[in-house]
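Read the structure below first, then the notes.
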Amino acid sequence: MEEKQRKPDLWLVAAILGILIMGIVMVYSSSSIWSEYKFDDPWFFAKRQMLFASVGLVAMVALSRIPYYVWHRHSKWILIMCLVFLIAVLIPGVGMVRGGARSWIGVGMFSIQPSEFMKLGLILFLARFLSERQKIMNSFQQGFLPGLALILVPFALIMLQPDLGTGVVMVGTCMVMMFTAGARISHFMWMAGAGMAGMIALIASAPYRIKRITAFLHPWEDPLGSGFQIIQSLYAIGPGGLLGLGLGNSMQKFFYLPEPQTDFIFAVLAEELGFLGGAFILILFFILLWRGIRTSLYAPDLFGSLLALGIVGMVSIQVMINVSVVTGLIPVTGITLPLVSYGGSSLTLTLASLGLLLSVSRFSSH
294 MEEKQRKPDL
304 WLVAAILGIL
314 IMGIVMVYSS
324 SSIWSEYKFD
334 DPWFFAKRQM
344 LFASVGLVAM
354 VALSRIPYYV
364 WHRHSKWILI
374 MCLVFLIAVL
384 IPGVGMVRGG
394 ARSWIGVGMF
404 SIQPSEFMKL
414 GLILFLARFL
424 SERQKIMNSF
434 QQGFLPGLAL
444 ILVPFALIML
454 QPDLGTGVVM
464 VGTCMVMMFT
474 AGARISHFMW
484 MAGAGMAGMI
494 ALIASAPYRI
504 KRITAFLHPW
514 EDPLGSGFQI
524 IQSLYAIGPG
534 GLLGLGLGNS
544 MQKFFYLPEP
554 QTDFIFAVLA
564 EELGFLGGAF
574 ILILFFILLW
584 RGIRTSLYAP
594 DLFGSLLALG
604 IVGMVSIQVM
614 INVSVVTGLI
624 PVTGITLPLV
634 SYGGSSLTLT
644 LASLGLLLSV
654 SRFSSH
């Protein structure tokens, strides 16, 4: 493919940087009290987030300058490496246990989360897999079933950690890609029935998941236990009103909302910046979604189109789940808000993924 000299989508760049800047500000604002109490440094989490953001931005710029089609031939080995890391994290002594999940591998003072790498690795390889098999994707045995098997292997490894939230985001993203590549609706209907049964089995197999469902339905039955997070989240969002209490003036970050810089950072944002602040960051995410879909529609080949769709789908699904959890629409799942929540692996891999999206936008016809 002949490289065209074109700048990446500036709307995409502006949306990404706007969300990232708001994220860094909110990580400091939401974590300052907790980090001063725990580490005697109110900037502890904010400084690390700025470090992760710097690494992620370097990766994003570098990947945006590399033609996206280069990764077509390397996608198989990237997927294999991600699988190796996913297996390694399950080995006692290698994987680190946090919050009851063995999801991290320690690297010096930091830790990496292999499941975050897998989301991108699987999107890359699935884009190649589907683009090469588009003509047979309407066949259940030749197209849909092999693609489904490709998805279920890493999903099973992630569930062994266990990390249901990440698994749901990954599977949801891949389903969007398969549907776009030509899989029939009837195939998804069959899978929906099997998936529902599997989801019920997964929930029933883990008592803490049952508690999350119960807390979602009746949070006030255990306000100091399983219902605590969602109640405190709603206590943060409610007083925010239209304009918020003002940046830095959150009350819930004073040890009411556990580690507010991670999964529930949107609640603190809504408390301090109000409805308008929450709406503004969601508008930025909408711009990212709009320009990402546009990039996918005008990509020069199917691989680039599916790659762009997978990346913007991954981010969008994660945003919808996180905001839905924080506002009490669905049970707690442990999903971070992309580019906003504190987290090294999540932030750097999201920015790297968006670098690939920007690379595709450089070759789009419009």
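Numbering (this note's numbering), first residue to last: 294 to 659.
Ideal Cβ placement from N, Cα and C applies to all residues, glycine included.
Ranked by Cα distance from L650, the options A420, L622, F481 are led by A420. Judged by DSSP in its simplified three-state form, R421 adopts helix. One Cα belongs to L383, the other to G534, and the distance between them is close to 44 Å.
Linking L630 to N615 through their CA atoms gives a straight-line distance of about 6 Å. Bounds of the alpha helix (DSSP H) holding R587 are 558-590. At a Cβ-Cβ threshold of 7 Å, A490 and A529 do not count as neighbours.
Comparing alpha carbon positions, the residue from Y591, C375, Q611 closest to L575 is Q611.
Counting only the Cα atoms, S479 lies some 23 Å from M607. By the neighbour-count criterion, in which a residue is buried when 16 or more other Cβ atoms sit within 10 angstroms of its Cβ, M482 is exposed. The bridge partners DSSP lists for M389 are W397. In this structure, the alpha-carbon of M374 lies about 10 Å from that of I380. With a beta-carbon spacing of about 13 Å, F337 and G637 fall beyond the 8 Å limit used to define contacts. Inside the stretch 429-505, DSSP marks whole alpha helix (DSSP H) runs of 4 or more residues at positions 438-452, 457-474, 478-498, from first to last along the chain. At least 7 Å separates the beta-carbon of L305 from that of R587. For L651, the enclosing alpha helix (DSSP H) begins and ends at 637-656. Of the residues I628, V348, C467, the one whose Cα lies closest to the Cα of L600 is C467. The Cβ-Cβ distance between G648 and S357 falls below 7 Å. DSSP links I405 through a beta bridge to I398.
Q454 sits buried, since 16 or more C-beta atoms from the chains shown fall within 10 Å of its C-beta. Cβ atoms of G475 and N431 come within 8 Å of each other, at about 6 Å.
Around the CB of Y635, 16 or more other CB atoms lie within 10 Å, so the residue is classed as buried.
In this structure, S368 sits away from F596, with a CB-CB distance that is not shorter than 7 Å. No Cβ-Cβ contact shorter than 7 Å links S408 with M389. Contact between V387 and Q522 fails: their C-beta atoms lie close to 30 Å from each other, not under 8 Å.
In this chain, the alpha helix (DSSP H) harbouring L372 covers 368-381. For P532, the enclosing alpha helix (DSSP H) starts and ends at 521-533. Judged by DSSP in its simplified three-state form, M343 adopts helix. Selection I312, S609, S328, K300 evaluated against P360 yields K300 as nearest (Cα-Cα).
In this structure, A339 sits near V320, with a CB-CB distance shorter than 7 Å.
In the DSSP assignment, K331 falls within the unbroken alpha helix (DSSP H) covering 303-332. The criterion of a C-beta distance shorter than 7 Å is not satisfied by G316 and L642. In this structure, I628 places its C-beta atom within 7 Å of the C-beta atom of G458. DSSP places Q611 in the uninterrupted alpha helix (DSSP H) bounded by 595-619.
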